[in-house]
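Numbering (our numbering), first residue to last: 15 to 469.
Everything below concerns the one structure shown next.
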Amino acid sequence: MKNILIIGAGKSSSSLIKYLLDKSNSENIFLTIGDISKENSSKLILNHKNAKAIVLDVFNKTERETAIEKSDIVISMLPARFHIEVAKDCITYKKHLVTASYVSKEMKTLDKAAKENGLIFMNEIGLDPGLDHMSSMQVIDGIRKKGAKMLLFESFCGGLVAPESDDNLWNYKFTWNPRNVVLAGQGGAAMFIQEGTYKYLPYHKLFRRTEFLNINGDKYEAYANRDSLKYRSVYGLDDIPTMYRGTIRKVGFSRAWNLFVQLGMTDDSYTIENSENMSYRDFVNLFLAYSPSDSVELKLRSYLKIDQDDVMWEKLIELDIFNPKKKIELPNATPAQMLQKILEDSWTLQQKDRDMVVMQHLFGYEINGERRQIESSLVVKGENQTYTAMAKTVGLPVAIAALKILKGEIKTPGVQIPISKEVYEPILKELKNYGIEFTEKEVPYLGYNPNNVIG
15 MKNILIIGAG
25 KSSSSLIKYL
35 LDKSNSENIF
45 LTIGDISKEN
55 SSKLILNHKN
65 AKAIVLDVFN
75 KTERETAIEK
85 SDIVISMLPA
95 RFHIEVAKDC
105 ITYKKHLVTA
115 SYVSKEMKTL
125 DKAAKENGLI
135 FMNEIGLDPG
145 LDHMSSMQVI
155 DGIRKKGAKM
165 LLFESFCGGL
175 VAPESDDNLW
185 NYKFTWNPRN
195 VVLAGQGGAA
205 MFIQEGTYKY
215 LPYHKLFRRT
225 EFLNINGDKY
235 EAYANRDSLK
245 YRSVYGLDDI
255 PTMYRGTIRK
265 VGFSRAWNLF
275 VQLGMTDDSY
285 TIENSENMSY
295 RDFVNLFLAY
305 SPSDSVELKL
315 RSYLKIDQDD
325 VMWEKLIELD
335 IFNPKKKIEL
345 PNATPAQMLQ
355 KILEDSWTLQ
365 QKDRDMVVMQ
375 HLFGYEINGE
385 RRQIESSLVV
395 KGENQTYTAM
405 AKTVGLPVAI
415 AALKILKGEI
425 KTPGVQIPIS
435 KEVYEPILKE
445 LKNYGIEFTE
455 KEVPYLGYNP
465 NNVIG
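Given below as structure tokens:
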């Protein structure tokens with residue numbers, strides 16, 4: 015039997031493991047699931063005869079090397095910063111590697127060694143990045159095949175709560191790492207190009223400039239990703255006049271989130287003294303002027319110019335953010351960590367809740383003097399708290415890619431992402447069997463429409 019080593023048994027691994035277990039008899043494969051917690055991995059294999067759980071501390075060189083040496087292919091579901099040591103071992107022991115993470119500078123340096131050893135190091139093969147690459151390149155390659163010229167490419171993705179589980183005023187719950195949500199957009203200006211003009215949005219303005227989207231009849235908004243231009247050359251779109259990538263939320267989320275940004279609550283660069291003993295109300299008051307007479311509520315409404323009957327105010331009240339009894343209970347915490355703690359009270363998915371992944375691409379092109387546009391959309395709902403939409407859309411592309419590499423159906427070696435037809439065509443085809451299928455339609459060419467932008 016071929017041995018697949020999966021390192022990391024977090025939330026995104028459930029659908030990945032189930033897919034491979036379901037295929038284990040027919041494909042003659044055995045899974046070894048390594049995690050710092052054997053309990054985590056044991057829960058996902060359900061005593062299946064073609065799998066075993068082991069304790070694997072990625073920082074333990076002996077444990078890591080022993081597990082990798084025994085495998086035929088390695089799937090790393092670790093946080094991105096931990097992949098590199100796994101990747102180096104894969105070079106040493108001549109094993110293929112699959113990850114869902116962005117290609118780091120360190121990973122790129124292994125390209126030559128991977129090629130020399132005939133190894134495939136497939137990265138960015140999850141949801142975003144991953145499904146976005148594959149579905150986009152399939153359409154872009156189709157447009158190029160017609161001899162058309164690309165004019166516009168916009169891509170949007172979001173992890174949301176399914177409508178039937180949407181029971182708060184923010185229309186949002188955490189469906190992936192809450193810390194990443196709180197810190198979203200930080201670390202530099204958002205960069206994109208529209209009608210040949212470069213645009214740069216600083217963080218403090220990011221959530222006030224959003225685009226409206228209509229996906230399967232439902233209205234959404236999207237704020238710009240930090241760097242929309244990093245894939246311009248990768249996709250072969252160096253000369254494209256408009257390229258924009260964004261994160262999807264329900265309409266109204268960004269305007270309300272901007273309140274936290276303007277107050278400074280999303281700052282992660284310093285810690286607060288005595289944070290563990292602060293109440294939620296104390297936390298809010300940190301960012302407001304001193305007044306011996308005015309209440310915290312009055313000071314906040316005055317500072318942010320919010321009327322008492324404004325839905326923005328109702329959203330803040332719903333979070334119980336002014337509660338003087340609830341404690342932060344986090345020592346030496348940053349404002350961002352304290353805000354995350356408060357939000358987790360209201361935005362953590364409950365057992366009955368289902369999540370939802372939404373993705374949309376817009377492709378504008380010119381052919382025979384005529385401008386046209388294709389709209390490609392995807393909506394996937396989770397089944398439960400184990401097999402979520404996020405786990406499905408991240409894990410299944412990883413699993414399918416790993417199996418096809420193992421079977422020799424994907425052959426090109428090197429450090430890469432899934433933008434070649436050899437990779438995206440068979441994976442997208444198989445994903446349809448699991449309800450992951452894009453709906454494409456021709457729509458009127460709009461180009462960049464300033465009327466479609468908020469702020």
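Where is the CB? At the ideal position from N, CA and C, for every residue including glycine.
| Check | Outcome |
| --- | --- |
| Cutoff 8 Å: I419 Cβ touching any chain D Cβ | Here there is only one protein chain, and chain D is not present. |
| E343 classed as buried or exposed, judged by whether at least 16 other C-beta atoms fall within 10 angstroms | exposed |
| C-beta contact flag for T402 and K187 at 8 Å | no |
| The alpha helix (DSSP H) enclosing G409, as first and last residue numbers | 403-420 |
| Rounded Cβ spacing between I143 and I424 (contact assumed at less than 8 Å) | Per the sequence shown, the amino acid found at residue 143 is Pro instead of Ile. That belief does not hold up - the Cβ atoms of P143 and I424 are roughly 17 Å apart, past 8 Å. |
| Limits of the unbroken beta strand (DSSP E) element including T46 | 43-49 |
| Cut-off 7 Å between Cβ atoms - residues of its own chain near L314, not counting five sequence neighbours on either side | V298, L302 |
| Burial state of L34, where buried means 16 or more other Cβ atoms lie within 10 Å | buried |
| V100 classed as buried or exposed, judged by whether at least 16 other C-beta atoms fall within 10 angstroms | buried |
| Beta carbon of M257 nearer than 8 Å to that of F167 | yes |
| Residue of E235, T280, S242 minimising C-alpha distance to M352 | T280 |
| Separation of E79 from G428, as counted between CA atoms | 21 Å |
| Contacting residues, own chain, Cβ-Cβ under 6 Å from N194 (five flanking each side not counted) | none |
| Residue span of the beta strand (DSSP E) that contains L19, given as start and end | 16-21 |
| Counted within 10 angstroms of its Cβ, other Cβ atoms place Y304 as buried (16 or more) or exposed | exposed |
| S29, DSSP secondary structure in three states | helix |
| D146 versus F73 - alpha carbon distance | 32 Å |
| Cβ neighbour criterion (16 or more within 10 Å) applied to E332 | exposed |
| Boundaries of the beta strand (DSSP E) in which K66 is found, first to last residue | 65-69 |
| Buried versus exposed, by CB contacts within 10 Å (16 or more), I18 | buried |
| Status (buried if at least 16 other CB within 10 Å, exposed otherwise) for P464 | Unreliable positioning characterises P464 in this predicted model, as indicated by a pLDDT of 48, which lies under 50. A coordinate reading is not provided. |
| C-beta contact flag for M15 and F44 at 8 Å | yes |
| Integer-rounded CB distance, given that Y237 should sit under 8 Å from G260 | 6 Å |
| Cβ neighbour criterion (16 or more within 10 Å) applied to S316 | exposed |
| K366, DSSP secondary structure in three states | coil |
| The alpha helix (DSSP H) enclosing F297, as first and last residue numbers | 294-299 |
| Selected residue, minimal CA-CA separation from L174, among Q322, T407, L417 | T407 |
| Span separating the alpha-carbon of G469 from that of F267 | A caution first: G469 carries a pLDDT of 46, below 50, which makes its placement in the model unreliable, though a value can still be read off. Approximately 14 Å, taken between the alpha carbons. |
| Rounded straight-line distance, which links the Cα of D369 to that of T189 | 6 Å |
| Cα-Cα separation between E53 and L70, rounded to whole angstroms | 12 Å |
| Per DSSP, cross-strand counterpart(s) of D308 | DSSP output for D308 lists no bridge partner at all. |
| Three-state secondary structure assigned by DSSP to D36 | helix |
| Beta-carbon spacing of Q374, E389 below 8 Å | yes |
| Residue environment, I286, which counts as buried when at least 16 other CB atoms sit within 10 Å | buried |
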